[in-house]
Each structure stands twice: as structure tokens, then as C-alpha cells.
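**Student:** Let me begin by handing over the structure; questions about it come next.
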Amino acid sequence: MTRTLRIAILECDTPVAPVVEKVGNYGVIFEALLKKGLVAANCDVDFEISKWNVVENPVYPNPNDIDAFLLSGSKHDAHSDETWVVSLTQYVYGIVQKHKKPVVGICFGHQIIARALGARVGRSDGGWEISVEEITLTDAGKDIFGQDKLYLQQMHRDVVHEVPEGCVNLGYSPRCAVQGLYMPARIWSIQAHPEFTEFIMSSVLKVRHESGVFNDEQYADGKSRAGKKTDGENLGREIVNFITESCAK
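Next up, the structure:
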């Protein structure tokens, strides 16, 4: 008998216009990744997915009505004192510590989870990490992913500076020492973007180049690596495995 799990996707931003027009908002993008992950995981589970834009309308689902949560990336700062960021951080703390529900965090979401658990989050001394990059996995990361390295799309200049108590670090790169967090049945997070395709990355690079965020050299470098093969879809399967295994406990 197929088991249905209720998944809340907390949309922490709206993608750049070309992505919204062609693909949709982050809720749609992550729903597609999770559905591919369900097929790849080949488990007798289905997902009932709800989408919550917590920036434009910071209202959150009742944790008792949700089995697992996913926090998207964002152009906003996870270390800021904006009202919605503080509210989201407090909500995530309650999900993990009080309600004991599994939470998946992507990029900004990864940082929010770390902040909620008391870790320091802020600007990276190494600057921007963009486009497809290599992540060296720790022993914990190797156990989870079954390989030594990951190749994923990156788009961030903020990082998690320390591993929260109770979590382990999953990997690192030259510009980011904490590339992922894991706590059994509670937390699975990654600094990178498994949901990003070449089109999404190229669109973000173009918009940020035109707005002056990236200079010509950064833009050319990012574009040269945007189409490289990634482990993104494999991580969709790993997210599904984490959620299904966590909810079975």
C-alpha cells in the first residue's frame, strides 16, 4: 500500500524572471526534483506537496499537519534581521527542536537551519562561489552519498561558518568549509543547488551580470562551467530517501 507523506516547500525567494516564465517558481522547481527523486528511489511512497511563499506572505503551515519540510534558496541574507528572516529562523527552530520533524535546506535554507541551531552564518571570506564546482565529501558525506566528491551548481557568497551541535558536516570546497549538514531523521542540508539546471544557472548569471553583481570575468567564468554535468538529480533521490526514512522512524 502506497504511503502518502505531506511535504511543505517553503519558498524563500522568487526566481529571476526568465526562470519564472519558462520553468516556474521554486515550489514548482523543487516539486519536479522530488518527483524525479521518487521515481529514482523506487519506494512505495507518494508526496502531497504544498507551497508556501514565506517572503511575500510569511504564514507557515501547522507543523502537526506536515511530515517534512524543504527550504529553498534565496537572494536574501540568512544572517539578516529582516522580520521574515527572523520569523523563519524561529519557525525552523521549533520544527526541529519541538516538533522533531525532518527538514531539508538548500543554500539559503541550509544557512537558516544552521542559524536556527545556533551556528554563525555570514559572508564568506572567499567571496562568491558560482556555477558547477567540486565538493569534497567528509567521511559522513561519503557514507550518505556513496562517493568521494559531488559536482553541483553553486550560487552564494554567504556561508555557514561552524557546524551546529548535533550535526555533522557533509563536505567542503576551497571557498566553503561547511557544504552540508546532517542530523539523523532531522536535518539534511546542502549549500549548493541540486535543483539548478544549466538554463537556471545561465539565467541567474546573466541577470546578475547585467545588474553589476558579477563583473565580466566572473560572468565568463560562471558561464564556462554552467553546462557541466552535475549530481543534482542524484541528490533529488537522496532527499527523498532522507524524508522517507526519517518519517518511518
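Residue numbers (the numbering used here): 7 to 255. Every residue gets a Cβ at the ideal spot worked out from N, C-alpha and C, and that includes glycine.
Start and end of the alpha helix (DSSP H) containing arginine 121?
**Tutor:** 114-122
**Student:** Tell me whether arginine 12 sits in a helix, a strand or coil according to DSSP, three-state version.
**Tutor:** strand
**Student:** In the DSSP output, which residue or residues are listed as bridge partners for glutamine 185?
**Tutor:** In DSSP, glutamine 185 forms no bridge with anything.
**Student:** Leaving aside the five residues before and after glutamine 117 along the sequence, list all residues of the same chain whose C-beta is less than 7 angstroms from its C-beta, in chain order.
**Tutor:** Ala84, Val127, Asp164, Val166
**Student:** Please go through the same chain and pick out, in chain order, the residues whose beta-carbon is closer than 8 angstroms to the beta-carbon of lysine 255, but skip the five residues on each side of it.
**Tutor:** Ala191
**Student:** Note down, one range per segment and in chain order, each beta strand (DSSP E) of at least 3 residues found wholly within the region 168-251.
**Tutor:** 186-189, 193-196
**Student:** With three or more beta-carbon pairs closer than 8 angstroms as the criterion, would you say the region 68-76 touches the region 97-117?
**Tutor:** Yes, they touch.
**Student:** Can you list, in chain order, the residues of its chain whose CB lies under 6 angstroms from that of leucine 241, leaving out five sequence neighbours each side?
**Tutor:** Pro200
**Student:** Please classify aspartate 145 as buried or exposed, where buried requires at least 16 neighbouring CB atoms within 10 angstroms.
**Tutor:** exposed
**Student:** What does a CB cutoff of less than 6 angstroms around valine 174 pick up in its chain, not counting 5 residues either side in sequence?
**Tutor:** Ala146, Tyr188
**Student:** Can you give me the C-alpha to C-alpha distance between serine 56 and isoleucine 15, rounded to a whole angstrom?
**Tutor:** 6 angstroms
**Student:** Going straight from the alpha carbon of glycine 33 to that of tyrosine 66, what length do you get?
**Tutor:** 14 angstroms
**Student:** Tell me, please, whether the region 92-107 touches the region 41-55 by the rule of three or more beta-carbon pairs shorter than 8 angstroms.
**Tutor:** The region 41-55 and the region 92-107 do not touch, with fewer than three beta-carbon pairs separated by less than 8 angstroms.
**Student:** Counting C-beta neighbours from all protein chains within 10 Å, is the total for alanine 226 16 or more, i.e. buried, or is it exposed?
**Tutor:** Result: exposed.
**Student:** Based on the DSSP output, what are the partners of arginine 129 in its beta bridges?
**Tutor:** Asp164
**Student:** To the nearest angstrom, how far is the alpha carbon of aspartate 222 from that of glycine 228?
**Tutor:** 10 angstroms
**Student:** I need the DSSP call for lysine 148, collapsed to helix, strand or coil.
**Tutor:** helix
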